[in-house]
Amino acid sequence: MKSVHHRRIASLARHFRMEEGGSIAFSPTSATASSFAHVKQAPEDAILGVTVAYNKDPSPVKVNLGVGAYRTEEGKPLVLNVVRKAEEQLLADRARNKEYLGITGIPQFNKLSAELILGRDSPAIAQGRVITAQCLSGTGSLRVGGEFLATHYSGPKVIYVPSPTWGNHLKIFPLAGLETRTYRYYNPKTRGLDYEGMIEDLRAAPNGAVVLLHACAHNPTGVDLTQEEWEGLRKVIRNDKQQLPFFDSAYQGFASGSLDTDAFAVRRFVNDGGETFIAQSYAKNMGLYGERVGALSIVVRDPSVAARVESQLKLVIRPMYSSPPTYGAAIVSTILSNPALYDEWKVELKAMADRIISMRHQLFDALKARKTPGDWTHILNQIGMFTFTGLNKQQVEYMTKEYHIYMTMDGRISMAGLSSRTVPQLADAIHSAVVKFSS
Ligand code: PLA
6 MKSVHHRRIA SLARHFRMEE GGSIAFSPTS ATASSFAHVK QAPEDAILGV TVAYNKDPSP
66 VKVNLGVGAY RTEEGKPLVL NVVRKAEEQL LADRARNKEY LGITGIPQFN KLSAELILGR
126 DSPAIAQGRV ITAQCLSGTG SLRVGGEFLA THYSGPKVIY VPSPTWGNHL KIFPLAGLET
186 RTYRYYNPKT RGLDYEGMIE DLRAAPNGAV VLLHACAHNP TGVDLTQEEW EGLRKVIRND
246 KQQLPFFDSA YQGFASGSLD TDAFAVRRFV NDGGETFIAQ SYAKNMGLYG ERVGALSIVV
306 RDPSVAARVE SQLKLVIRPM YSSPPTYGAA IVSTILSNPA LYDEWKVELK AMADRIISMR
366 HQLFDALKAR KTPGDWTHIL NQIGMFTFTG LNKQQVEYMT KEYHIYMTMD GRISMAGLSS
426 RTVPQLADAI HSAVVKFSS
């Protein structure tokens with residue numbers, strides 16, 4: 006079978022008519038017409054486009070609950086105190102320079118990142134079965150992992166993602182060269198997990214298929230598996246189907262406030278000795294959104310393949326962006342390697358998680374006080390940054406138009422963007438939308 010790269014080059018070649026001698030035939034319709042006149046206007050991104058619309062609204066009361074970005078009670082972006090301290094240390098260190106990093110980034114960052122998600126006492130790390138590469142946040146880690154699988158995985162080059170899932174998964178994996186299919190995950194009727202549907206779909210999926218799992222705080226639903234359900238799922242994936250789990254860990258510490266609790270599922274899978282992919286992001290848990298810092302870890306069964314896997318991983322990264330940026334990873338390494346900063350980080354992380362949980366209570370109470378029709382207990386029960394409200398597109402559009410509340414069309418709201426000040430406005434908007442248009 007031809008490799009993905011060969012197929013991609015072949016398809017590119019089909020776009021051009023190669024003339025004899027190798028030059029490319031090109032015939033613009035006229036000397037003045039643009040060669041891009043045929044390019045169609047693309048729609049805005051379903052999540053980041055909400056911010057674009059928000060920025061255009063002149064209203065002083067507008068609230069952006071679209072993108073999952075933490076805000077303080079005052080509605081401001083937060084730079085963690087530990088991040089400021091790490092930056093001061095980095096700035097004071099005159100020995101630091103701006104040289105290129107190696108293709109897989111800062112070795113110390115990679116080691117600390119693997120320890121953060123797998124645990125310091127992880128047998129897989131001790132046995133040399135973990136390959137970690139610093140990548141461009143969670144998205145870049147998923148993309149590099151996807152492309153490595155498309156090129157080197159011996160199983161079926163198909164990945165199963167939950168329905169629904171973070172919208173970008175559906176774009177990242179096909180571009181990386183993996184056929185992308187969905188498995189049932191969420192039951193809108195119960196606003197809970199469709200565990201039976203999930204198991205049934207994965208049993209029906211090919212043996213060896215790749216299965217994308219949200220490590221915790223499932224986006225957009227806020228619905229996670231219980232520890233027993235994780236164990237049931239693990240048995241199906243490992244024992245019955247020999248499938249390959251690919252964890253997307255974008256919210257470690259944000260779901261429960263504890264880094265270890267939120268790593269439970271990943272550790273459960275890795276500790277059974279099987280092969281596992283993990284994409285980690287420091288965007289949310291260290292507030293390093295724009296620094297684009299994250300890691301891809303590949304856990305292999307046999308340590309003797311690790312060096313070869315790493316060598317090929319470099320060949321995926323080098324032509325994509327050559328090597329990752331230094332600054333964010335230097336901040337993360339400084340914090341993770343310094344026990345005092347590490348402890349302080351855990352306190353700040355817990356405070357962010359707690360503020361999100363308190364927003365859940367405030368919103369729930371505000372709807373109760375307004376006697377808003379419907380059952381809103383899912384606001385309290387869902388986990389992580391988001392509430393998947395169950396509001397429909399018509400209701401969302403109404404809330405944006407009448408109340409200047411910006412959120413994604415699927416009815417997801419970022420609880421991290423809410424504050425005590427804006428809860429009443431949101432509750433009024435939800436109440437009015439529900440009364441006006443029953444869903
Ligand atoms: N994976 C999941 C499940 C995510 O929710 C996000 C971010 C990422 C990966 C990637 O984040 P990173 O590349 O910045 O590390 N989701 C956000 C932002 C918070 C976004 O859509 O880019 C969201 O609002 O859903």
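Counting with my numbering, you get residues 6 to 444 for the letters of the sequence shown. Every residue, glycine too, gets a C-beta built ideally from N, C-alpha and C.
- For ligand 1, the residues with a Cβ under 5 Å from any of its heavy atoms are, in chain order, I52, V72, G73, S142, G143, T144, W171, N224, D253, A255, S286 and A288.
- Note: P250 is bridge-paired with V216 in the DSSP secondary-structure output.
- With respect to H409, K67 sits close: the two C-beta atoms are nearer than 8 Å.
- If the five residues before and after D199 are omitted, its C-beta is found closer than 8 Å to the C-beta atoms of R189, Y190, Y191 and N192, all from its own chain and listed in chain order.
- Straight-line measurement puts the Cα of L354 at about 19 Å from the Cα of F114.
- Judged by DSSP secondary structure, Q139 falls within the beta strand (DSSP E) whose first and last residues are V135 to C140.
- Under the three-state reduction of DSSP output, A51 falls in the coil class, being neither helix nor strand.
- By the CB criterion at 8 Å, N276 and P128 fall inside the cutoff.
- Distance between G333 and L293, taken at the CA atoms: about 7 Å.
- Ranked by Cα distance from A255, the options R125, G54, K103 and G299 are led by G299.
- By the neighbour-count criterion, in which 16 or more other beta carbons inside 10 Å mark a residue as buried, N60 falls on the exposed side.
- In the three-state DSSP reduction, L198 falls in the strand class (E or B).
- The Cβ atoms of M390 and V337 lie no closer than 8 Å to each other.
- With contact defined as three or more Cβ pairs closer than 8 Å, the stretch 126-141 and the stretch 162-181 are not in contact.
- Sequence-distant partners of R196 (beyond 5 residues in either direction) whose C-beta falls short of 7 Å from its own C-beta, in its chain, are H383 and G395.
- Going by DSSP, S127 is part of no alpha helix (DSSP H) at all; its letter is neither H nor E.
- Under a 10 Å Cβ-count criterion, L385 is classified as exposed, with fewer than 16 other Cβ atoms of the shown protein chains found around its own Cβ.
- In this chain, the alpha helix (DSSP H) harbouring P429 covers V428 to K441.
- F153 places its beta carbon 8 Å or farther from that of V304.
- Minimum Cα-Cα distance from A432 among the listed residues Q400, M414, F369 and I122 corresponds to F369.
- With a beta-carbon spacing of about 5 Å, A222 and I388 fall inside the 8 Å limit used to define contacts.
- Counted as a single uninterrupted DSSP element, the stretch harbouring Y188 is not any alpha helix (DSSP H) but the beta strand (DSSP E) occupying residues E184 to R189.
- As DSSP reads the structure, A284 sits in a beta bridge with D253 and L301.
- For the options N397, S286 and G416, the alpha carbon positioned closest to that of A138 is the one of S286.
- In this structure, the beta-carbon distance from V428 to P378 does not fall below 8 Å.
- In the DSSP assignment, N69 is bridged to Y411.
- The beta-bridge partner set that DSSP reports for S168 consists of R189.
- At the C-beta level, A58 and Y411 come within 8 Å of one another.
- In this structure, DSSP gives S39 a state outside helix and strand, which the three-state scheme calls coil.
- Comparing alpha-carbon positions, the option among S39, A47 and G73 lying closest to T392 turns out to be G73.
- Looking at the DSSP output, V163 bridges to E184.
- For S309, there is no enclosing alpha helix (DSSP H), since its DSSP letter is neither H nor E.
- Just so you know, the alpha carbons of D359 and G258 end up roughly 11 Å apart.
- Counted as a single uninterrupted DSSP element, the beta strand (DSSP E) harbouring R417 occupies residues R417 to S419.
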